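Below is one structure, written out as structure tokens; comments come after it.
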Amino acid sequence: GAVVSQHPSRVICKSGTSVKIECRSLDFQATTMFWYRQFPKQSLMLMATSNEGSKATYEQGVEKDKFLINHASLTLSTLTVTSAHPEDSSFYICSANRELAGIQETQYFGPGTRLLVL
Amino acid sequence: AQKVTQAQTEISVVEKEDVTLDCVYETRDTTYYLFWYKQPPSGELVFLIRRNSFDEQNEISGRYSWNFQKSTSSFNFTITASQVVDSAVYFCALSEEGFGNQGGKLIFGQGTELSVKP
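In the order they appear, the protein sequences are chains A and D. First residue of the first sequence: 1, per my numbering; consecutive thereafter. First residue of the second sequence: 1001, per my numbering; consecutive thereafter.
Set out below in structure tokens:
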């Protein structure tokens, strides 16, 4: 089956540093990937849609300069949290769309990355 | 606007009881997809089912069954003879069948935390 990986699975960083999270589709190409954020005991909230070869589309309220997304290849999207602060501590989950005949088949989710900013 | 409502925040049952998780959705689209995901304590989302808006047939998979009713905009999930391993947070989600970079993003409900006690 389709597999999506994320790296790292956990990261602890100091306030003010930048953290990069990678999302890879391992056995299919994904022109579209999504980044979600989940705070404890809450639902998943879509942050942005990552498109291969073009700029990401951010949801309302998500700062594009703070959460940099790069989708440089059909199997890799990266999310960089710049100048992280404690309020950015969260569970970040990516997903990748596998397409069949131009139709978004389904989304496959990565295992998530727990970010803790001290 | 799209919206998914899971009114039950927490449910606690005793093993072998049947339990139904409710999901009500709102959308103006005629073509859409509904999903259920399971999120165990590890955090990784486990895909359970995907149903398109034109298929109202109920589905059964082992102890799991789903009831899709367009007339009431509901997509309820029933676990028969629940087990301790079923304890997790369950999310219902809605996706438009879109095109380009907006297609396929998921709108999640708030989640229902199911606790199955021995």
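Ideal Cβ placement from N, Cα and C applies to all residues, glycine included. Since the model is a prediction, treat every value here as computed from it, not as a measurement.
Check	Outcome
Could you tell me which of D/L1045, D/Q1039, D/A1093 sits nearest to A/V4, measuring between CA atoms?	D/L1045
Going straight from the alpha carbon of A/S73 to that of A/S18, what length do you get?	22 Å
Using a threshold of 8 Å, state whether the C-beta atoms of D/Q1083 and D/E1017 are closer than that.	no
Would you say D/T1080 faces chain A, with C-beta separation under 8 Å as the test?	no
Distance, Cα to Cα, A/I12 vs A/V81?	12 Å
Identify the continuous beta strand (DSSP E) that holds D/F1035 and give its terminal residues.	1032–1039
Taking D/A1088 as part of the beta strand (DSSP E), name the residues at either end of that continuous run.	1088–1096
Please report how far the alpha carbon of A/M47 lies from the alpha carbon of D/L1114, in whole angstroms.	26 Å
Between which two residues does the beta strand (DSSP E) carrying A/L26 extend?	From DSSP, A/L26 is part of no beta strand (DSSP E); its letter is neither H nor E.
Is D/V1014 helix, strand or coil by DSSP?	strand
Within 8 Å of any Cβ in chain D, is that where the Cβ of A/N97 sits?	yes
Closest to A/R114 by C-alpha separation, out of A/K14, A/T75, A/Q38, A/F28, would be which residue?	A/Q38
Could you list which residues in chain A have their beta carbon closer than 8 Å to that of D/G1062, in chain order?	Residues of chain A passing the Cβ test: none, with the nearest at roughly 18 Å.
In whole angstroms, what separates the C-alpha of A/K55 from that of D/G1062?	43 Å
Less than 8 Å between CB atoms is the rule here; does D/R1050 satisfy it with respect to chain A?	yes
Under three-state DSSP, which class holds A/E87?	helix
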